[in-house]
Amino acid sequence: MSYQDVMNRKQEIMRRALKLDYEQFEYPGIGFDYEKMMASAGFTLDDVINIQKENNIGGTPLIELKRLSAYARKWAKPGFGARIFLKDEAQNLSGSFKARRAAMSIYQAKRLGYQGVIAATSGNYGAAVAALAARAGLKCIIVQECYDSNGVGQPEIIEKARACQAYGAEVVQLSVGPELFYQFLLLLEETGYFNASLYSPYGVMGIETLGYEIAQDVMKMTGKYPEAVICTNAGGGNLTGTARGLIKAGAKDTKIIAASVDLTGLHMASDKDFNLKSFTTGHTGFGIPFSTFPDRSDVPRSAARPLRYMDMYGLVNQGSVFFITEALAILEGMERGPAGNTSLALAFSLAQTMKDSDIIVVQETEYTGAGKHMNAQVSFASDRGIKLELGNPLLEKPGQNLIFPSSGAMLKHKEVPMETLKMSYLKHYQNQLLFDSDYQYLSEELKTSIENIKTWMEAINETKK
Amino acid sequence: MIDPMTYVEIYRMILPPEERSSNLPIETKRVPFEMRLRGQLLKEASIGDMVEIVTASKRIERGILVSVNPFFSHNFGHYVPMMTTIRNIIIKETEDLS
Chain A
147 MSYQDVMNRK QEIMRRALKL DYEQFEYPGI GFDYEKMMAS AGFTLDDVIN
197 IQKENNIGGT PLIELKRLSA YARKWAKPGF GARIFLKDEA QNLSGSFKAR
247 RAAMSIYQAK RLGYQGVIAA TSGNYGAAVA ALAARAGLKC IIVQECYDSN
297 GVGQPEIIEK ARACQAYGAE VVQLSVGPEL FYQFLLLLEE TGYFNASLYS
347 PYGVMGIETL GYEIAQDVMK MTGKYPEAVI CTNAGGGNLT GTARGLIKAG
397 AKDTKIIAAS VDLTGLHMAS DKDFNLKSFT TGHTGFGIPF STFPDRSDVP
447 RSAARPLRYM DMYGLVNQGS VFFITEALAI LEGMERGPAG NTSLALAFSL
497 AQTMKDSDII VVQETEYTGA GKHMNAQVSF ASDRGIKLEL GNPLLEKPGQ
547 NLIFPSSGAM LKHKEVPMET LKMSYLKHYQ NQLLFDSDYQ YLSEELKTSI
597 ENIKTWMEAI NETKK
Chain B
3 MIDPMTYVEI YRMILPPEER SSNLPIETKR VPFEMRLRGQ LLKEASIGDM
53 VEIVTASKRI ERGILVSVNP FFSHNFGHYV PMMTTIRNII IKETEDLS
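Chain order of the listed sequences is A and B.
Each number in the numbering used here comes from the position in the first sequence (counting from 1) with 146 added on.
Each number in the numbering used here comes from the position in the second sequence (counting from 1) with 2 added on.
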């Protein structure tokens, strides 16, 4: 079966694998009814909470990182240095917040009568789907991008394969390339299983409870809602769901901040670059394209639409995330996986720009173990010729070196201007005739005024000429 | 010969370079798209044979038999002096914190 044949049947395969008719949400023009799609499964927030509770998911501790906050405050002006809180999501079933998402996908798969589920993921979501499928008595196949053409596997992804197998799943391990999607479609077609997509409404509504818990926990502990919540951003579902949960709890003024590891310069489909990176998710290679074009995902309309909620996008380098992972262990007694600490590294830098009475919440941690451990990743990088240096982390060149901050004072972030992201999103509609309803949709998609959209579209179309 | 129902790993080329997606970096485009999969061998065979296995989800898959009793050997990596360096920086800079 040729690549193109299978890709041409994509819509039909997808429809059978989700039993969700996306056509019903489409507007005339470019938009669709996002809220109608999110509500279509008929789950309330309480339903989600109950389904997760039954599966030993959610209600994770929120911990004030007093020593880490004090360390950050040391480098801030007097009166500055926010209090950093951490939601210890590693304590969920399967060791990450991804269990919240998997719980809803699996619940829906079971409800619709599927015999099994398939998910395309190299990350924690695979272990989560496998664990939840095991609990539901469903078959499970996880499709991973795992090896380069020399057969060298990324240690973090190998560990995820092991975890999936521990929960009884079949793990299909593929070499580098977007044709993963082709193999994924073939498997859906062959088995008739449910597509446990990260981007379906179920995959995103499962995270709303995380935002909801954060709002309630912080209110209980401090008498107010947090000033900011930082979400590690890749596919966008984490940020989207968390923001929706915060809003549902009433925390409408809390700033929603995205954090990604800066992997600028590495190509995500490159066989050579694949094993030169120390982070396989939560990085700019996913975070930027999925923010600026959410419908690139494995469903017709992605439920993960981060620009609807995002107030700021901060980047940290790989060396800084390893540094903060070490700090979390030796200052707070919490040994956690490095990828989950991306937003913590940003919090450390960002806290210094906020008042010392402000509260900043880092909304996840993940489990650590062989392969997905700081030392495993750094030693793997050094074996592949990546130079390990001490200095200014903002000078790191992904694929060439890892620069660790020579002091906590040196751990700083970069910012991607929101306008750049929004313009990049709008470029997909270059030279298209847009009507009032399209502008209304775009203003919701990008959390800005119709006037701004019109100005930006004019600028985009002007540049083209 | 390897006995039926032995736990094995198979390899299969899914797409040769010329059938891969058109929009790929050159280093990816010139190598095949490959799969590795573990399961139990259906019929007696030797390494290098084209075989069938039954997977954990009870599917039958075909591929070249590449390893017998495959296991995971990923670990915590070797000692990296830089890890001690950053640890010492953090300890030194936080000595004065309560």
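Note that beta-carbon positions come from the ideal geometry of N, C-alpha and C, so glycine has one too.
Just to confirm the assignment, what range does the beta strand (DSSP E) spanning residue i have?
i      : result
K94/B  : Per DSSP, K94/B belongs to no beta strand (DSSP E); it is in the alpha helix (DSSP H), 83-95.
Y9/B   : 9-17
L474/A : Segment 464-478 is the alpha helix (DSSP H) holding L474/A; no beta strand (DSSP E) there.
L541/A : Premise fails: L541/A is in no beta strand (DSSP E) and is neither H nor E.
S406/A : 401-407
L422/A : Premise fails: L422/A is in no beta strand (DSSP E) and is neither H nor E.
I288/A : 285-293
Assuming residue i contacts residue j under a Cβ cut-off of 8 Å, what Cβ separation, rounded to an integer in Å, is found between them?
i      : j      : result
A485/A : F436/A : Not confirmed; about 16 Å, so no contact.
M520/A : T471/A : 5 Å
S416/A : F35/B  : Their Cβ separation, rounded to whole angstroms, is 14 Å, which puts S416/A and F35/B out of contact at 8 Å.
L579/A : M603/A : Rounded, the Cβ-Cβ distance is 11 Å, inconsistent with contact.
Y345/A : V445/A : 5 Å
T594/A : K568/A : 7 Å
T355/A : R246/A : 6 Å
R447/A : F178/A : 5 Å
Using alpha carbons as the reference points, say which of the options lies closest to residue i.
i      : options                        : result
F432/A : V407/A, G297/A, L453/A         : V407/A
T511/A : Q586/A, F226/A, N384/A, D419/A : N384/A
R390/A : E542/A, G369/A, V318/A, V350/A : V350/A
Q523/A : R38/B, I93/B, P18/B, H76/B     : H76/B
I176/A : E590/A, D502/A, A374/A, Q509/A : E590/A
Y328/A : K45/B, V53/B, S23/B            : S23/B
S141/A : I606/A, L258/A, E235/A, L166/A : This structure gives no information on residue 141/A, because the portion of chain A shown stretches from 147 to 611.
E302/A : P539/A, G411/A, Q290/A         : Q290/A
Q498/A : P551/A, A555/A, T190/A         : A555/A
V507/A : R246/A, T355/A, D363/A         : D363/A
V275/A : F243/A, N296/A, D234/A         : F243/A
T368/A : N463/A, S525/A, N538/A, D504/A : D504/A
K182/A : A218/A, A222/A, A449/A         : A449/A
H574/A : P551/A, T438/A, F526/A, L492/A : T438/A
I49/B  : K60/B, L67/B, S59/B            : L67/B
Under 7 Å between beta-carbons, which chain A residues line up against residue i? List them in chain order, please.
i     : result
S59/B : G262, K285, C286, I287, E316
T30/B : V322, G323, A415, S416, D417
P18/B : Within 7 Å Cβ-Cβ: nothing; P18/B doesn't reach chain A, min ~11 Å.
L99/B : R213, A216, Y217
So which residues on chain B does residue i lean against when the C-beta distance must stay under 7 Å?
i      : result
N521/A : F78, G79, V82, M85
F550/A : M84, I88
A473/A : I92
S525/A : G79, H80, V82
A516/A : H76, N77, F78
I304/A : F74, H76
Residues of chain B with CB under 8 Å from residue i, in chain order?
i      : result
L534/A : V82, M84
Q311/A : R40, A58
Y513/A : Chain B residues near Y513/A: none, gap ~14 Å exceeds 8 Å.
I476/A : R89, I92, I93
Between which two residues does the alpha helix (DSSP H) harbouring residue i extend?
i      : result
G431/A : 430-438
R38/B  : That residue, R38/B, is in no alpha helix (DSSP H); its beta strand (DSSP E) goes 35-43.
T488/A : 488-496
S503/A : First-last for S503/A: undefined, no H or E at that position.
I66/B  : Looking at the DSSP string, I66/B is not in any alpha helix (DSSP H); the run it does join, the beta strand (DSSP E), is 62-70.
M147/A : M147/A -> no alpha helix (DSSP H), and no H or E assigned at all.
F526/A : 520-529
F327/A : 326-337
Y253/A : 244-257
R308/A : 301-312
P372/A : Element bounds for P372/A: n/a, residue is neither H nor E.
Quick one: which chain A residues come within Cβ less than 9 Å of residue i?
i     : result
M37/B : V318, Q319, L320, S321, Q329
E46/B : Simply none; closest approach about 23 Å.
Find the residues of chain A that neighbour residue i, judging by a C-beta separation of less than 8 Å, and give them in chain order.
i     : result
R22/B : Y149, G323, E325
Name the chain B residues whose beta carbon is nearer than 9 Å to that of residue i?
i      : result
V275/A : None at all; the shortest Cβ gap to chain B is about 12 Å.
Y293/A : E36, R38
G554/A : I91, I92, E95, T96
query = Can we say the region 303-321 of chain A touches the region 261-278 of chain A, given the rule of at least three CB pairs closer than 8 Å?
reply = yes
query = Are the region 414-430 of chain A and the region 478-495 of chain A touching, with three or more C-beta to C-beta distances below 8 Å?
reply = yes
Segment contact flag, the region 252-267 of chain A with the region 530-537 of chain A, C-beta cutoff 8 Å, min 3 pairs = no
key: At least 3 beta-carbon pairs within less than 8 Å: the region 227-241 of chain A vs the region 194-205 of chain A   = yes
request  = Take every Cβ of the region 241-258 of chain A, pair it with every Cβ of the region 189-199 of chain A, and state whether three or more of those distances are shorter than 8 Å.
outcome  = yes
key: contact_flag[the region 454-461 of chain A, the region 557-577 of chain A] where n(CB pairs < 8 Å) is 3 or more   = yes
Chain C contacts from the region 442-471 of chain A (Cβ-Cβ distance under 7 Å) = As a matter of chain content, chain C is missing from the structure shown, whose protein chains are A and B.
task = Say whether the region 210-218 of chain A touches the region 5-12 of chain B, bearing in mind that this needs 3 or more beta-carbon pairs closer than 8 Å, one atom from each stretch.
result = no
query = Are the region 472-483 of chain A and the region 86-99 of chain B touching, with three or more C-beta to C-beta distances below 8 Å?
reply = yes
ask   = Within the chosen definition, does the region 26-35 of chain B reach the region 55-64 of chain B through at least 3 CB pairs nearer than 8 Å?
value = no
query = Touch check for the region 365-378 of chain A and the region 324-343 of chain A: three-plus C-beta pairs under 8 Å?
reply = no
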